[in-house]
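The opening residue of the sequence shown carries number -16 in my numbering; numbering runs sequentially from there.
Glycine is no exception: its CB is placed at the ideal position from the N, C-alpha and C atoms.
Note that the coordinates shown come from a computational prediction; the quantities given were computed from them, not determined experimentally.
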Amino acid sequence: MGRDRISSGVYKVLLKEIRHIFHKELDHQYGREEVEHFFHHFVEHYLGQPRFHLAMHPNWIISREEEGEFFRGLAALRQGQPLHYVLGSKVFMDLNFRLNKHVLIPRPETEELVRLVIARHQEDRPPLRILDLGTGSGCIAISLAKYLPQAEVFAIDISGKALNLARENASANDVSVQFSESDMTHMEIEAEFYQIIISNPPYVLEEEKALMDPHVKDAEPATALFVPDDRPLLFYEYITGAARKGLAEGGHLYLEINQRFGQEVKDLLSEVGFTEVEVLKDLHGHDRFVKAKQRI
Ligand code: GLN
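This is the structure in structure tokens:
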């Protein structure tokens, strides 16, 4: 099992043997390419070396402790846990975020939304008060606090467990965000207080579950993902109401959306009185974001 006995009687663990075991144990479940991807993530995470290090050092020997980490990771993957829960973290906007099963794993699309906001508001002067609704790991709020240092950032989530993690992530990334436990559907919001409101709320329909990867639908928090089939815009209705009250004149609303409902979210925003409502596409060409402005 990845060990050779050498003359001194000490076990030597060869990393390439571990890789071989990963493929043997996991290829039928995930496919060879995906397993290679997992393995390289583990090499970077547990051994702190770039993936090509093994190609350059084919007889790379790891310690018994390191071997133990690889095998614990292998067992978790075999049970179907998503890679980033197994690793316990993910990089988002070049910042490290700790993750656990109480929060959604940050997605690349959400990074696109955050980049867009940073680019648009980089030069804004204070006050720049930002509110993130349904913050989860805190990835949106914390990245905005980091890259818009003039901002004062607030964030809510319904889950106290998610907020504990978000607080840890804020302090590990050396930013200050004011977190509070609150339900988006029953929130008290200060009138005309925020310059930006942003949210990536639950937007996956129950009926879309069948099409989803089991590692997402069975492992990630359902409260962060799903809405009933007959209320696809459930959270958008509450968010737009709160944003109409909470945004200062000329304030900006940024939302991540289900690609199937670009037009519907746009119509909703226009109906409640927002202006400059625009649907934007993600890198895959799907309708993924909507932005709008509070009428002056
Ligand atoms: N984009 C996520 C997914 O496809 C869903 C995020 C959300 O519901 N806000 O799993």
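Separation of Val86 from Ala58, as counted between CA atoms: If I take the Cα positions, the gap works out to 21 Å.
Distance between His36 and Glu95 (C-alpha atoms, nearest Å): Rounded to whole angstroms, Glu95 to His36 spans 30 Å at the Cα level.
Near the ligand GLN: Val248 beta-carbon under 8 Å from a heavy atom: If you check the C-beta of Val248 against the ligand GLN, you find no heavy atom less than 8 Å away.
Bridge partners - Arg81, DSSP secondary structure assignment: Answer by DSSP bridge pairing, in chain order: Ser72.
With 16 other Cβ atoms within 10 Å as the buried cut-off, status of Val97: Buried, because 16 or more other Cβ atoms sit within 10 Å of the Cβ of Val97.
Closer than 9 Å to chain D by CB, Asp196: This model lacks chain D altogether, as it is built from one protein chain only.
Val187 CB to nearest heavy atom of the ligand GLN below 8 Å: Checking every heavy atom of the ligand GLN against the Cβ of Val187, one is found closer than 8 Å.
Local Cβ density within 10 Å of Asp140, reported as buried at 16 or more and exposed below that: Burial call: buried.
Residues near Gly117 in its chain [Cβ-Cβ closer than 8 Å; skip 5 each side]: Same-chain partners within the cutoff: Ile139, Asp140, Ile141, Met167, Ser182, Asn183, Pro184, Pro185, Ala207 and Phe218.
Touching by the beta-carbon criterion (3+ pairs, under 8 Å), the stretch 220 to 237 and the stretch 264 to 271: With a cut-off of 8 Å on Cβ pairs, the stretch 220 to 237 is not in contact with the stretch 264 to 271, counting fewer than three such pairs.
beta-carbon Val199 near the ligand GLN non-hydrogen atom, thresh 8 Å: At a cut-off of 8 Å, the beta-carbon of Val199 counts as near the ligand GLN: some heavy atom of the ligand is closer than that.
Tyr237 - partner residues in DSSP beta bridges: Listed as beta-bridge partners of Tyr237 by DSSP are Ile181 and Lys274.
Classification of Leu194 by the beta-carbon crowding that lies within 10 angstroms, buried from 16 upward: By the C-beta density criterion, Leu194 is exposed, having fewer than 16 other C-beta atoms within 10 angstroms.
Rounded Cβ spacing between Ala149 and Val136 (contact assumed at less than 8 Å): Rounded, the Cβ-Cβ distance is 11 Å, inconsistent with contact.
Own chain residues within Cβ distance below 7 Å of Phe25, not counting five before or after: Apart from sequence neighbours up to five positions away, the residues of its chain that approach Phe25 with a beta-carbon distance below 7 Å are Phe53 and Gly56, ordered along the chain.
Residues of its chain near His198, where Cβ-Cβ distance is below 7 Å and the 5 sequence neighbours each way are ignored: Listed in chain order, the non-local C-beta contacts of His198 below 7 Å within the same chain comprise Gly63 and Pro65, local neighbours out to five positions each way being set aside.
Three-state class that DSSP yields for Ser126 in the structure shown: In the three-state DSSP reduction, Ser126 falls in the helix class (H, G or I).
Close-in-space but distant-in-sequence residues of the same chain around Ser253 (CB under 6 Å, 5 per side omitted): The beta carbon of Ser253 sits closer than 6 Å to the beta carbons of Val260 from its chain, once the five residues preceding and following it are set aside; these are given in chain order.
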